[in-house]
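Trainee: When we follow the UniProt record's numbering, the leftmost residue of the sequence shown carries the number 1, and every step to the right adds one. Using N, Cα and C, we set each Cβ at its ideal position, and we do this for glycine too.
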Amino acid sequence: MIIILIALLLRVCYTDIRYRIIENKCVAVIILVNILYLYSINQPVSFISAVVIFGIGIIIILTNFVGAGDIKLLSALGLAFPLRELPDFIFLVTVSGLPLILIVFCLHKCSPRRFSKTLPYGVAISSGYLLKLLI
Numbered sequence: 001m002i003i004i005l006i007a008l009l010l011r012v013c014y015t016d017i018r019y020r021i022i023e024n025k026c027v028a029v030i031i032l033v034n035i036l037y038l039y040s041i042n043q044p045v046s047f048i049s050a051v052v053i054f055g056i057g058i059i060i061i062l063t064n065f066v067g068a069g070d071i072k073l074l075s076a077l078g079l080a081f082p083l084r085e086l087p088d089f090i091f092l093v094t095v096s097g098l099p100l101i102l103i104v105f106c107l108h109k110c111s112p113r114r115f116s117k118t119l120p121y122g123v124a125i126s127s128g129y130l131l132k133l134l135i
């Protein structure tokens, strides 16, 4: 089950880097696989964490600080963590985003080609999730 989840997260990373989009159908499948994975390891599904992330995320989306796909992915992956573990999850996502910021900044400043200034944050979200599962 975890292999399928990792494969889906790799797809999210690819489409986010290449097209700056996180597909709804991929997030829907991630939700389903994540729930099945959690049941298979006898861990409760934390719907409240997903709702909290989504609620706060809607406010952040209105500021154009992050994209809706990022919030949907965070919510889908947040199902795996109880409320008390959300700060750790968000911290690991943030730390995973730091190298991403540096890479995009260098590509934008140092490359003769034009690169998007937006961050494919699905990469950091996926990395933070996998790190949290390992810890």
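Cα-Cα, which of Thr63, Ser111, Ile41 and Tyr121 is closest to Ala80?
Mentor: Start at 1 with the first residue of the sequence shown, and residue 80 comes out as number 80. Considering only alpha carbons, the answer is Ile41.
Trainee: DSSP three-state label for Val29, please.
Mentor: Residue mapping note: residue 29 aligns to position 29 of the sequence shown, counting from 1. Of the three classes helix, strand and coil, the one that applies to Val29 here is helix, per DSSP.
Trainee: Have a look at Val104 and Arg114 and give me their C-alpha separation to the nearest angstrom.
Mentor: Within the sequence shown, numbered from 1, the residue matching residue 104 stands at position 104. Within the sequence shown, numbered from 1, the residue matching residue 114 stands at position 114. The alpha-carbon atoms of Val104 and Arg114 are separated by roughly 11 Å.
Trainee: Ends of the alpha helix (DSSP H) at Gly69?
Mentor: Residue mapping note: residue 69 aligns to position 69 of the sequence shown, counting from 1. Run containing Gly69: Ala68 to Gly78, per the alpha helix (DSSP H) assignment.
Trainee: From Ile56 to Gln43, what distance separates their C-alpha atoms?
Mentor: Mapped onto the sequence shown, residue 56 falls at position 56. Mapped onto the sequence shown, residue 43 falls at position 43. Spanning the alpha carbons of Ile56 and Gln43 requires a straight line of approximately 24 Å.
Trainee: Could you tell me the distance, in whole angstroms, from the CA atom of Pro99 to the CA atom of Gly78?
Mentor: As a working mapping, residue 99 is identified with position 99 in the sequence shown. As a working mapping, residue 78 is identified with position 78 in the sequence shown. Taking the straight line from one Cα to the other gives about 22 Å.
Trainee: What three-state label does DSSP hand Lys132 in the structure shown?
Mentor: Taking the sequence shown and counting its residues from 1, one reaches residue 132 at position 132. Helix at Lys132.
Trainee: Looking at C-alpha atoms only, which residue of Ala76, Val95, Phe65 and Cys106 is the closest neighbour of Leu5?
Mentor: If you number the sequence shown from 1, residue 5 lands on position 5. Answer by Cα proximity: Ala76.
Trainee: Taking Ile90 as the reference, give the member of Thr63, Ile53 and Gly69 with the closest Cα.
Mentor: Sequence index remark: in the sequence shown, residue 90 carries index 90 (1-based). Per the Cα distances, Ile53.
Trainee: For Lys25, is the classification buried or exposed, using 16 other Cβ atoms within 10 angstroms of its Cβ as the cut-off for buried?
Mentor: Position 25 of the sequence shown, counted from the start, is the residue given in the question as residue 25. It is exposed - the Cβ of Lys25 has fewer than 16 other Cβ atoms within 10 Å.
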